[in-house]
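Notes follow once the structure below has been shown.
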Amino acid sequence: MTTYFSEIGKSISNVLTKDLKLSDKITINSTANGTKSETLISTNTSSLSNKTTISRDVVDGIKADIVLDANVKTVLATLTATDVLLNGMKVELKTGDVSKIGALKANVLEKACAQYATGGVGVKCEMALPSPNAISVNVCSDILGNGTVVGVDGTVTTSGQVQSYGVALQKCQGDTTYALAADNGLDRLKFGMSSKLNSDVNGAIECVVGRSSGSLAYAVGLQNSNSGARAVYNSQGTVDLAKELSICDGAKANVVVQAHLASKTYKTGVAFDIKA
75 MTTYFSEIGK SISNVLTKDL KLSDKITINS TANGTKSETL ISTNTSSLSN KTTISRDVVD
135 GIKADIVLDA NVKTVLATLT ATDVLLNGMK VELKTGDVSK IGALKANVLE KACAQYATGG
195 VGVKCEMALP SPNAISVNVC SDILGNGTVV GVDGTVTTSG QVQSYGVALQ KCQGDTTYAL
255 AADNGLDRLK FGMSSKLNSD VNGAIECVVG RSSGSLAYAV GLQNSNSGAR AVYNSQGTVD
315 LAKELSICDG AKANVVVQAH LASKTYKTGV AFDIKA
């Protein structure tokens, strides 16, 4: 079920773009007593990073997440209130670096986000703190019924000027989903479709048209949910082949090969995900 604007066309992007990254990395995740540790080893850049997230319930419905980044030596905090102000509403306050306690000022607040879902309508808004000069808002609704949702997204300055806007529509009919979107001042049009071809295979196609530039780009892909294999071809003349492999309990790998047909060259990426 599509509740928010960002979820429109998600079944299409899941086939065509999700996790198709040409990076060699190892991610190790561990969770214990509300503390999550993520260690990332990137062989592309020969770098090692670690983030530790400590989650604690402050009071009923309010949770604090403290993120310690060992590499850049920062401490970030997020305070989340769920169903406190209204049933179905979630509010988040995010801070910048709070590691220098003695230098804390009001501008430590970095961003405020809110989302609210009720009766087939989902609303999200976001603004920078402590001095917001623009507010981003998007609304998604199933007001048309029959498996159809429509969404509007925009950014408005505090003086009332519209910085950007876009619209999107999605129709679900059986195992097939159609999505249409227009953004960049309605100059860019995007149409996509995804469908369940059989019990294991999903297919998707997407076309992007630039009205003022006259450009056209497209991609078509197939994904086997049972084997974890995927193939995507796009108008730039590249083929992406991906395969998710289960190594053992708690460990998997995502292998991506990108072949450029014209130059007969290819690139690879292998991402390991380990849960300790």
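Heads up, my numbering is the position in the sequence shown plus 74, with the first residue counted as 1. Where is the CB? At the ideal position from N, CA and C, for every residue including glycine. None of the values given here were measured: they were computed from a predicted structure.
Euclidean distance between Cα positions of residue 242 and residue 265:
For residue 242 and residue 265, the distance between alpha carbons rounds to 10 Å.
Since residue 332 contacts residue 83 with CB under 8 Å, what's their CB separation in whole angstroms?
Between residue 83 and residue 332 the Cβ distance is about 23 Å, and since that is not below 8 Å, they are no contact.
Pick helix, strand or coil for residue 386, following the three-state DSSP scheme.
Any question about residue 386 goes unanswered here, given that the chain covers just 75 to 350.
So if DSSP puts residue 297 in a beta bridge, which residue, or which two residues, is it bridged to?
DSSP, once it has assigned bridges, lists 276 and 304 as partnering residue 297.
Suppose you measure from the CA of residue 144 to the CA of residue 336; what does that come to, to the nearest Å?
So the two alpha carbons sit approximately 43 Å from each other.
If you run the structure through DSSP and keep just helix, strand and coil, what is residue 87?
Three-state DSSP puts residue 87 in a helix.
From this set, 193, 198, 195 and 167, which residue's C-alpha is nearest residue 183's C-alpha?
Closest option to residue 183, Cα to Cα, is 167.
First through last residue of the beta strand (DSSP E) which encompasses residue 82
In this chain, residue 82 is not harboured by any beta strand (DSSP E), its DSSP state being neither H nor E.
Sorted by chain position, which residues of the same chain lie with C-beta nearer than 6 Å to residue 188's C-beta, five sequence neighbours on each side aside?
The answer, listed in chain order, is 165 and 199.
If I measure Cβ to Cβ from residue 315 and keep anything under 6 Å in the same chain, skipping five residues before and after, which residues do I get?
Contacts found: 305 and 331.
So, using beta-carbon positions, are residue 274 and residue 298 closer together than 7 Å?
Cβ distance < 7 Å, so residue 274 and residue 298 count as in contact.
Residue range of the beta strand (DSSP E) that includes residue 310
First-last for residue 310: undefined, no H or E at that position.
Could you please give the first and the last residue of the uninterrupted beta strand (DSSP E) stretch that includes residue 172?
Note, residue 172: premise wrong, no beta strand (DSSP E); not H, not E.
Express the C-alpha separation of residue 228 and residue 211 in angstroms, rounding to a whole number.
Straight across, the Cα-Cα distance linking residue 211 with residue 228 is about 6 Å.
Collapsed DSSP secondary structure at residue 223 in the structure displayed:
In the structure shown, residue 223 sits in a strand (DSSP, three-state: E or B).
Backbone secondary structure at residue 158 - three-state DSSP:
Note: residue 158 maps to coil in three-state DSSP.
Please report the distance separating the alpha-carbon of residue 276 from that of residue 133.
Between residue 276 and residue 133, the C-alpha separation is close to 43 Å.
Strictly by DSSP, which residues pair up with residue 125?
Answer by DSSP bridge pairing, in chain order: 112 and 143.
Suppose the cutoff is 8 Å on Cβ atoms and the five residues either side in sequence are ignored; what does the same chain contact list for residue 172 look like?
So the qualifying residues of the chain are 149, 150, 151, 178 and 182.
Using 8 Å as the Cβ pair cut-off and three pairs as the minimum, do the stretch 90 to 97 and the stretch 246 to 257 touch?
The stretch 90 to 97 is not in contact with the stretch 246 to 257.
Who are the Cβ neighbours of residue 218 in its own chain at under 8 Å, not counting the five residues just before and after it?
So the list reads 224, once near-sequence residues are dropped.
Please confirm whether residue 98 and residue 124 have their CB atoms less than 7 Å apart.
No.
Would you mind sorting residue 231 into buried or exposed? The rule is 16 or more other CB atoms within 10 Å of its CB.
Classification for residue 231: exposed.
Do residue 216 and residue 194 come within 7 Å of each other at the CB atom, strictly closer than that value?
In this structure, residue 194 sits near residue 216, with a CB-CB distance shorter than 7 Å.
Assigned exposure category for residue 328 - 16 Cβ within 10 Å defines buried:
Here residue 328 is buried: its Cβ has 16 or more other Cβ atoms, across all protein chains shown, within 10 Å.
Would residue 201 and residue 186 be called neighbours here (beta carbons separated by less than 7 Å)?
It is a contact, given that the beta carbons lie within the stated cut-off.
For residue 270, which residues in the same chain have their Cβ closer than 6 Å to its Cβ, ignoring the five residues on either side in sequence?
Here the set comprises 249 and 276.
According to DSSP, which residues form a beta bridge with residue 235?
For residue 235, no pairing in a beta bridge is given by DSSP.
Please confirm if residue 343 has its CB atom under 7 Å from at least one CB of chain B.
The structure shown contains no chain B; it holds only a single protein chain.
In whole angstroms, what separates the C-alpha of residue 136 from that of residue 87?
Straight-line Cα distance between these residues: approximately 33 Å.
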